[in-house]
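Okay, so here's the structure we're looking at.
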Amino acid sequence: QSTYKYSGHRMPWASFLIHFGFSVTFATTYALALEKKMNWLTKKQGIPFGVAMWIAFHLVIMPAMKTIPSAKRQPLEEHLSEVLGHIFWMYTNHEVAKEILDRLNK
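Next comes the structure, spelled out in structure tokens:
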């Protein structure tokens with residue numbers, strides 16, 4: 125299995141590529157929704173969208189696929205870290221996409 129080293133741990137490249145592929149795909153989808161003025165999806169700087177992504181993938185889809193433990197078996201710290209990370213991720217995507225769209229539409 126092809127791996128790389130991060131913080132002293134061997135990590136599979138496949139996980140890295142899937143994680144960042146997911147991030148880029150959903151950030152791009154969000155930016156397109158922002159451009160199309162889909163306000164129901166892009167309200168509050170993308171924070172609800174980020175929380176929805178966390179719920180869908182970390183609490184439902186990945187546990188169902190058995191790639192991570194069920195939500196009940198994950199520590200509270202993991203939930204807090206992940207939900208805050210998804211909020212920050214989508215807020216940042218919102219602000220960057222908005223700035224780019226504003227500059228393109230001047």
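Counted the way my numbering counts, the sequence shown spans residues 125 to 230. Virtual Cβ for every residue (Gly too), placed ideally from N, Cα, C.
Could you pull the start and end residues of the beta strand (DSSP E) that T166 belongs to? Residue numbering aside, residue 166 sits at position 42 when the sequence shown is read from its first letter. Where T166 is concerned, there is no enclosing beta strand (DSSP E), although the alpha helix (DSSP H) it sits in stretches over N163 to T166.
Determine which residues share a DSSP beta bridge with T127 and list them. Counting from 1 along the sequence shown, the entry for residue 127 is found at position 3. DSSP, once it has assigned bridges, lists P136 as partnering T127.
Whole angstroms is fine: what's the gap from E206's alpha carbon to P187's? The sequence position of residue 206 within the sequence shown is 82, counting from 1. The sequence position of residue 187 within the sequence shown is 63, counting from 1. Approximately 14 Å between the Cα atoms of the pair.
Look at the Cβ atom of M177, then the Cβ atom of H218, and state whether they are nearer than 8 Å. The sequence position of residue 177 within the sequence shown is 53, counting from 1. The sequence position of residue 218 within the sequence shown is 94, counting from 1. No, they are not a contact pair.
How long is the line joining the alpha carbons of M189 and F144, rounded to whole angstroms? For this step, residue 189 is matched to residue 65 along the sequence shown. For this step, residue 144 is matched to residue 20 along the sequence shown. Cα to Cα, the separation comes out at about 19 Å.
Whole angstroms are fine: how far does the CA of H182 sit from the CA of E201? The count along the sequence shown starts at 1 and reaches residue 201 at position 77. The count along the sequence shown starts at 1 and reaches residue 182 at position 58. The alpha-carbon atoms of E201 and H182 are separated by roughly 13 Å.
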